[in-house]
Amino acid sequence: MKPEFIIFLKKIYDLTGGELRIINQYQVGEALALSSKETDKITDQLIDSGLIKKMARNRIIIRPHTLNVMHSTENSEKN
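Add 354 to a position in the sequence shown, counting from 1, and you land on the number used in this note's numbering.
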């Protein structure tokens, strides 16, 4: 998984308190100091990869299986 994906997904996770909640994609981008264009690009790639789901306009939600992928990635990095 691309490093920028991991950083973006972790920020979603942090901002939602680890819950599967809908969040504004630009809130995530702003927290990471990304431009709107950069946020759109990463969001579109994550949607295409099936890691997040677009809800309405600029609202996104992390998919349940993505949490497993994130935890697997973290565990492999620690070993």
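No residue lacks a Cβ here, since even glycine has one placed at the ideal position from N, Cα and C.
Euclidean distance between Cα positions of residue i and residue j
| i | j | result |
| --- | --- | --- |
| ILE406 | GLU358 | 14 Å |
| GLN325 | GLN399 | Because the chain is modelled from 355 through 433, residue 325 falls outside the range shown and cannot be assessed. |
| LEU388 | HIS425 | 24 Å |
| LYS356 | ALA410 | 25 Å |
Chain-order list of residues whose beta-carbon lies under 8 Å from that of residue i (same chain, five-residue window excluded)
| i | result |
| --- | --- |
| ARG375 | ILE415 |
| ILE377 | ILE366, LEU369, THR370, ARG413, ILE414 and ILE415 |
| PRO418 | LEU374 |
As assigned by DSSP and simplified to three states, the class of residue i
| i | result |
| --- | --- |
| ILE377 | strand |
| LEU363 | helix |
Extent of the continuous alpha helix (DSSP H) to which residue i belongs
| i | result |
| --- | --- |
| LYS356 | Note, LYS356: premise wrong, no alpha helix (DSSP H); not H, not E. |
| LEU386 | Per DSSP, LEU386 belongs to no alpha helix (DSSP H) and is neither H nor E. |
6 Å Cβ shell around residue i - same chain, five flanking residues per side excluded
| i | result |
| --- | --- |
| THR420 | LEU405 |
| ILE401 | LYS408 |
Bounding residues of the beta strand (DSSP E) (the contiguous stretch that carries residue i)
| i | result |
| --- | --- |
| ARG411 | Here ARG411 belongs to no beta strand (DSSP E), and DSSP marks it neither H nor E. |
Residue nearest to residue i in terms of C-alpha spacing, selected from the options
| i | options | result |
| --- | --- | --- |
| GLU392 | PHE362, MET424, ARG411 and SER403 | PHE362 |
| ALA385 | LYS364, SER403 and SER426 | LYS364 |
Neighbourhood of residue i by C-beta, 7 Å cutoff - its chain only, sequence neighbours within 5 removed
| i | result |
| --- | --- |
| GLY372 | none |
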